[in-house]
Amino acid sequence: EMLILGQVLMALGASFGFVGAGFVGGRWFGPIKYGLMFAWVQFVASVAAIVGQKILGKLVETASWSDILNNLTLMGLVITIAMFILMREPANDGEKKAPWPGVKVFIDDLLNAINEVAAIRDSWINALIGGATFGTMLALGVLWGPRFLAAGGMEQSDAYAVSAVMWAGLAFGAPVFAWLSDFLKKRKMPMFMGCLLQFIAIIYIMFNPSMSPTEASIAFFIWGFMAGGSMLNFPIGADLVKPALIGTSAAIVNAVQFVVGGLIMVVPGRVLSGTGLIARVAEIEGSVTPTVNDYQWAIAILPITLFIALILFYFLRETYPTEVK
Numbered sequence: 151e152m153l154i155l156g157q158v159l160m161a162l163g164a165s166f167g168f169v170g171a172g173f174v175g176g177r178w179f180g181p182i183k184y185g186l187m188f189a190w191v192q193f194v195a196s197v198a199a200i201v202g203q204k205i206l207g208k209l210v211e212t213a214s215w216s217d218i219l220n221n222l223t224l225m226g227l228v229i230t231i232a233m234f235i236l237m238r239e240p241a242n243d244g245e246k247k248a249p250w251p252g253v254k255v256f257i258d259d260l261l262n263a264i265n266e267v268a269a270i271r272d273s274w275i276n277a278l279i280g281g282a283t284f285g286t287m288l289a290l291g292v293l294w295g296p297r298f299l300a301a302g303g304m305e306q307s308d309a310y311a312v313s314a315v316m317w318a319g320l321a322f323g324a325p326v327f328a329w330l331s332d333f334l335k336k337r338k339m340p341m342f343m344g345c346l347l348q349f350i351a352i353i354y355i356m357f358n359p360s361m362s363p364t365e366a367s368i369a370f371f372i373w374g375f376m377a378g379g380s381m382l383n384f385p386i387g388a389d390l391v392k393p394a395l396i397g398t399s400a401a402i403v404n405a406v407q408f409v410v411g412g413l414i415m416v417v418p419g420r421v422l423s424g425t426g427l428i429a430r431v432a433e434i435e436g437s438v439t440p441t442v443n444d445y446q447w448a449i450a451i452l453p454i455t456l457f458i459a460l461i462l463f464y465f466l467r468e469t470y471p472t473e474v475k
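Under my numbering, read the sequence shown as residues 151 to 475, first letter to last.
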C-alpha cells in the first residue's frame, strides 16, 4: 500500500513538472515562444533521463535501493528549496494577483476551463496527433524498443543502450522543430513532416530487426529526432485558446500524450499473449518465447497509430499567429 501511495504522490508531483516548466517559461517570454520553451524543457528532460539512467546503472552495482531512493528524495528536497528561492514569478501582464478563491470556486473554474478548451474541435485533433507522435515514442523508448532489438538477436545491454539513443534524438529534435516552426512561421507543416518521417523510420525499424548496434542507433536517433515534432502540439494548443487558458490547453495535450502512450504500451503485450485483433490476423497464439515475427506484429500498432495521425492533419488548421508573420 505504501508503495502504491508513493507512486501516486510521485506521479502527482511529476505531472506539474513538464507542463509547469514550459508554461512558466512561456509566460516569461510571451506566447510566441511557448514552442521553444517546451522544446528546451524536453531537451533538458531527455538529457536528464539519459544521464540519470547511466548513473543509476552504476549506482545499483555498489549501493542498495533504499540508499539510492533516500538520496533521490534528498535531491528532490534540495531542488524544491532552490526553486522557491531562485525562481521568479512570471509577468502578470499588469493584472493584480487574485486572492485564493476557495476550493469550490477553484474546482468550478478548473472544470469550466477544461470544458472551454475541450469544446474547440482543433484542440482534440491537435491533442490526438500529439498522443500519436509522442505516445509511440514513449512506448518504443520505455518498453518495446529494447525487447524488439533483443528478439532480433542483439545483446540485452546493447539493446538498452540503443534505446537510450532515441531519447538523445528527441532532446535535439525538439528545439530544432521549434526553431523550424518559427523560421517558417508555420506550425502544421513542420509537425506533419516530423510525423511522416517518424512513420517511415518505424517502418524501417520494424522490417530490420537484426540491425547491428550502430545501424540501430542511427535509426533510433532519427526516430527520436522526428518525434521532437510532438513539442509543436503545445504552441498549437496555445494558439487555439485565449491567454488565460494556455496552461489548461498544455495540460490537456500532455495528458492525452501520456494516456495514448500508456494504451500503446499495452497493445503489444496483448498481441504477444495471443489476444486482440492484430493477434488474430497474425495467427499468434501466445508463447513464452515470442519470435521476431511475433514482435514485428506486436509493434505494428506504432505505424498504425502514426498513419491515423497523418490523416488527422487534414482536419487541423494552421494556427501560427498572423500578427507575427
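Where a beta carbon is used, it is the ideal one built from N, C-alpha and C, also for glycine.
Ranked by how close their Cα comes to the Cα of Ala-377, the residues Gly-419, Phe-357, Val-326 have Val-326 in first place. One Cα belongs to Ile-270, the other to Asp-308, and the distance between them is close to 45 angstroms. Going by C-alpha positions, Ile-461 is about 17 angstroms away from Val-410. Per DSSP, reduced to three states, the secondary structure at Lys-204 is helical. Going by DSSP, Ser-313 is part of the alpha helix (DSSP H) stretching over 306 to 334.
Measuring C-alpha to C-alpha distances from Met-415 to each of Ala-282, Arg-238, Val-197, Ala-171 identifies Ala-282 as the nearest. The residue among Met-287, Leu-222, Lys-208, Met-152 with its C-alpha nearest the C-alpha of Trp-373 is Met-287. Between the stretch 248 to 266 and the stretch 381 to 400 there are three or more C-beta pairs closer than 8 angstroms, enough to call the two in contact. Boundaries of the alpha helix (DSSP H) around Thr-398: 396 to 422. Under the three-pair Cβ rule at 8 angstroms, the stretch 337 to 352 counts as touching the stretch 453 to 472. When rounded, the separation of the alpha-carbon atoms in Ala-277 and Pro-251 is 30 angstroms. Take the alpha-carbon of Arg-238 and the one of Ser-331: they are about 28 angstroms apart. When the beta-carbon positions are compared, Ala-459 and Pro-418 stay at least 7 angstroms from each other.
CA-to-CA, the gap between Leu-334 and Leu-153 works out to about 48 angstroms. Rounded to whole angstroms, the separation of the alpha carbons of Ile-368 and Asn-358 is 13 angstroms. Excluding the 5 residues flanking it on each side, Ile-218 has same chain C-beta neighbours closer than 6 angstroms at Leu-209, in chain order. Scanning Gly-163, Met-381, Thr-364, Met-356 for the CA closest to the CA of Trp-190 turns up Met-381. Secondary structure at Pro-385: helix, using DSSP grouped into helix, strand and coil.
Around the beta carbon of Ile-205, fewer than 16 other beta carbons lie within 10 angstroms, which makes this residue exposed. Annotated three-state conformation of Gly-302 is coil, per DSSP. Look at Tyr-470 here: in three-state DSSP terms it is coil, with no helix or strand label. Going by C-alpha positions, Pro-471 is about 34 angstroms away from Ala-161. For Ile-434, the three-state secondary structure derived from DSSP is coil. Of Leu-390, Gly-185, Gly-295, the smallest CA-CA separation from Ile-275 is found for Leu-390. If you compare the alpha carbons of Ala-400, Gln-306, Asn-220 with that of Gly-156, the shortest gap goes to Asn-220. With contacts defined by Cβ atoms closer than 7 angstroms, Leu-222 and Gln-348 do not form a contacting pair. Classified as buried, Met-304 has 16 or more neighbouring CB atoms from the shown chains inside 10 Å of its CB. Judged by DSSP secondary structure, Leu-219 falls within the alpha helix (DSSP H) whose first and last residues are 215 to 236. By the neighbour-count criterion, in which 16 or more other beta carbons inside 10 Å mark a residue as buried, Asn-404 falls on the buried side. Take Trp-294, set aside five residues on each side of it, and the residues of its chain with a beta-carbon closer than 6 angstroms to its own are Pro-418, Ile-449, in chain order.
A distance below 8 angstroms between beta-carbons, with the five flanking residues on each side excluded, links Lys-254 to no residue of its chain.
In the structure shown, Gly-185 adopts helical secondary structure according to DSSP, grouped into three states. Counting along the chain, Gly-378 sits inside no alpha helix (DSSP H), nor does DSSP assign it H or E at all.
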